[in-house]
Structures are given as structure tokens and as C-alpha cells.
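J.: In terms of the working numbering, the sequence shown is residues 1 to 78.
Heads up, the beta-carbon is just placed ideally off N, CA and C, and yes, glycines get one too.
Given the structure is predicted, the values throughout are model-derived calculations rather than measurements.
I'd like to ask you about the structure that follows.
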Amino acid sequence: MPTEELLKRVTIDPAVCHGKPCIRGLRYPVPMLLELMSSGMTEQEILSDYQDLERDDLLAALAYAARLSDAKRVVPAR
């Protein structure tokens, strides 16, 4: 699935999870999914634990994070 299609799975709604980016309007915030993946959980483990998620939802979370990290300029914290 092209990146632009994946990104359509990420929704932002003030009525859902306080406006945090979520997957398909469900109460699965993108940061939570990224934490699960970065903690070492496999794709299959996550999909087994959260059965209403799909593989493309995990890819959408990664695509969203990649877009956010593509900053044009980074200013060091002081």
C-alpha cells in the first residue's frame, strides 16, 4: 500500500483520545503502537493482542512517525 494510503488510516479527532493521532478512529494512539513495536513486540504479537488492528495499521503508525521525524531543521535542546 502506498504511503499516502497508509497515512489515511491515521486520524485526529478531538473526541477520540484527546485529539492524539489514532488508527482509523479507534482508540489506539499512534505513540502506543510505536512503543509496542520499539519494545520488541512482533507484528504478530501486537495483532494477536489487539484483534481489531490490521498489519497496514502498524505500517501506518510507522509511516506517520517517519513523516514527523523528517524535520527540515533540528534545534538542540538546552
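Beta-carbon within less than 7 Å of Tyr-64's beta-carbon, same chain only, minus the 5 sequence neighbours each way: which residues are those?
T.: Listed in chain order, the non-local C-beta contacts of Tyr-64 below 7 Å within the same chain comprise Leu-7, Val-10, Pro-21 and Val-30, local neighbours out to five positions each way being set aside.
J.: Just to confirm before moving on: does the CB-CB distance between Ile-23 and Ala-60 stay below 9 Å?
T.: yes
J.: Which runs of the alpha helix (DSSP H) fall wholly inside the stretch 21-64 and span at least 4 residues, in chain order?
T.: 30-38 and 43-49
J.: To the nearest angstrom, how far is it from the Cα of Glu-45 to the Cα of Glu-35?
T.: 13 Å
J.: Based on Cα-Cα distance, which residue from Arg-27, Asp-52, Tyr-28 and Leu-58 lies nearest to Thr-42?
T.: Leu-58
J.: Tell me which same chain residues have a C-beta within less than 6 Å of the C-beta of Ser-39, skipping the five on either side of it?
T.: none
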